[in-house]
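>
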Amino acid sequence: MTISDFDFQPILTGKAIAVRPLAKGDFEALFAAASDPAIWAGHPAKDRYRREVFAAYFAFLLDSGKALIVLERGSRSVIGCSSYYVAPDTPDSVSIGFTFLRRSHWGGQTNFEPKRLMLDHAFRSVRDVWFHIDPTNVRSQKATAKLGAVHAYDTILDLSGTPVEWMCFRLGKADWDRTCEVAAVVSGRGR
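This is how it looks when you write it as structure tokens:
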């Protein structure tokens with residue numbers, strides 16, 4: 018399979034989380050999830066909790082045709098979003114980013130499950146998945162390292178309309194498999 022065959026907006030279902038393509042009608046629910054200033058405190062876009070700032074972000078995600086909304090399966094409530102994309106410096110690989118979750122879902126299995134669903138889907142098609150993180154976003158750097166990704170290099174990329182510096186983290190399939198094995202042992206469950 019080539020990157021041109023990759024499904025950038027799959028419907029993915031886990032035990033507690035479901036992921037589906039972002040739709041225009043998701044704005045209000047996703048904005049409600051994003052309206053907590055603490056979500057963005059460690060992020061370069063610290064004011065994204067404001068409606069007018071979030072509206073531009075939402076329009077960008079919707080226009081990309083690659084964004085996904087993250088839902089709690091039981092309540093069907095929107096808890097965040099993420100996106101697949103192809104970075105200009107790694108055109109044969111898939112990247113995951115533009116991700117946020119409600120703070121009530123940080124840490125633990127609920128935080129891990131959307132990543133697991135998206136990574137498992139990506140690794141059916143590609144050998145490497147990339148994450149591009151702002152150098153000031155330490156929380157995301159640590160979370161990405163917990164997935165097994167390693168910091169490969171820094172570069173300036175235009176991922177959303179403006180060239181900026183990114184820390185580029187690479188996660189290979191074998192590293193991801195090891196992370197999942199450890200997670201299964203820790204949780205007492207298999208994948």
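In the working numbering, each residue's number is its place in the sequence shown (first place is 1) plus 17. Where a beta carbon is used, it is the ideal one built from N, C-alpha and C, also for glycine. Keep in mind it's a predicted model, so treat the numbers as computed, not measured.
Under the rule that 16 or more other beta-carbon atoms within 10 Å means buried, what is Ile28, buried or exposed?
So Ile28 counts as exposed.
> Mind listing, in chain order, the continuous beta strand (DSSP E) runs of no fewer than 3 residues lying wholly within the segment 146-182?
As far as the segment 146-182 is concerned, its whole beta strand (DSSP E) runs of at least 3 residues are 167-175.
> Measuring alpha carbon to alpha carbon, tell me which of Asp22, Ala49, Phe186 and Ile150 ends up nearest Gly97.
Closest option to Gly97, Cα to Cα, is Ala49.
> By the three-class DSSP mapping on this structure, what secondary structure does Ile56 have?
Correct three-state label for Ile56: helix.
> Pick from Thr107, Tyr101 and Ala62: whose alpha carbon is nearest that of Asn154?
When each option's Cα is compared against that of Asn154, the closest is Ala62.
> Alpha helix (DSSP H) containing Tyr66: first to last residue?
Note, Tyr66: premise wrong, no alpha helix (DSSP H); not H, not E.
> When you compare the segment 118-127 with the segment 62-76, are there three or more beta-carbon pairs, one atom per stretch, that lie closer than 8 Å?
No contact exists between the segment 118-127 and the segment 62-76.
> Taking Trp214 and Phe140 to be in contact with their CB atoms under 8 Å, please state how far apart those CB atoms are, rounded to whole angstroms.
Summary: the structure shown does not reach residue 214, with the chain confined to residues 18 through 208, and so no result is reported for it.
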